[in-house]
Amino acid sequence: MNTEMKRVPGGLAAWSRLVTIAGDGSAASVDVLDLLTETPAGWRVARRTVHPRHGGPAVVADGTTPWV
Amino acid sequence: MGVRVVPVDAATYAEVRDLLARHPHVFDNIALAALPGAYTDDATLGGAPLAQLANGLPFGRVMFPHHTTDIAVHRVDDDTLRVWAKYFVLRGDGTAGSGDYQDTVVRTPRGWRIAERDASRGNRPDDDPDGPSTRTLTAATWIPSAD
């Protein structure tokens, strides 16, 4: 969710939030950065990196540097 | 008597959804250089100037992530929208808190931008870490009735 997209060399970059709900009802969130490339079969994820937002540094952008 | 929602076309809705996605990424990372991508230069949050509030953000702290959902858009005129959305925050201990956003979104030379944002905390306990419920946003504040 909250996917923000922009064009980058080679395709598109997407910055999203991924929410997990555990069996005890607790929830957690991670940032997901995808590099998408267009293939003859359609758009595909070429690279995915996952940044958990809890328990450590989570900043994946400072507003000026590319985030994928 | 209820409010009458004036819908927007699918392309405009997609632009608004993209715009509202930027707020969590900007604020949770305190990426202030990206503020012009989401807000007008004279934007307000809760009636206070955004530029003033931004200076008070806790730099160096990892912010708990915000998530924006349930986006409803009302067209005021060709250059002005009123947007009502839900948000939830997920904390490090796995608990969650909900709330509402109501925005005035305006057309600018660089695209749609948030000019005004009001937020209220939704159904929360009195001892919620972010504070108790402050449910102040309603259909009437989303779309004020025309006189």
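Chains D and G are the protein sequences, given in the same order. Residue numbering for the first sequence follows the numbering used here, beginning at 1148 and increasing consecutively. Residue numbering for the second sequence follows the numbering used here, beginning at 46 and increasing consecutively. Virtual Cβ for every residue (Gly too), placed ideally from N, Cα, C. Model, not experiment: these values are computed from the prediction.
Counting C-beta atoms within 10 angstroms of its own C-beta, leucine 102/G has fewer than 16 neighbours from the protein chains shown and is therefore classed as exposed. A check of alpha carbon separations from serine 1163/D across Gly1189/D, Arg1191/D, Val1155/D and Leu1180/D identifies Leu1180/D as the nearest.
With contacts defined by Cβ atoms closer than 8 Å, serine 1176/D and arginine 1200/D form a contacting pair.
From the listed residues Val48/G, Val50/G and Tyr58/G, the smallest Cα separation to arginine 152/G is found for Tyr58/G. If you draw a straight line from the Cα of glycine 91/G to the Cα of isoleucine 1168/D, it is about 31 Å long. Annotation: the continuous alpha helix (DSSP H) that includes leucine 98/G extends over 95-99. One Cα belongs to aspartate 138/G, the other to asparagine 1149/D, and the distance between them is close to 22 Å. For arginine 1154/D, the closest Cβ of chain G is not nearer than 8 Å. Within the DSSP secondary-structure output, isoleucine 159/G pairs in a beta bridge with Tyr84/G and Val150/G.
Residues of chain G whose Cβ lies closer than 7 Å to the Cβ of tryptophan 1190/D do not exist, since the nearest Cβ in that chain is about 16 Å away. Straight-line measurement puts the Cα of histidine 70/G at about 12 Å from the Cα of methionine 1152/D. With fewer than 16 other CB atoms across the displayed protein chains lying within 10 angstroms of its CB, glutamine 97/G is exposed.
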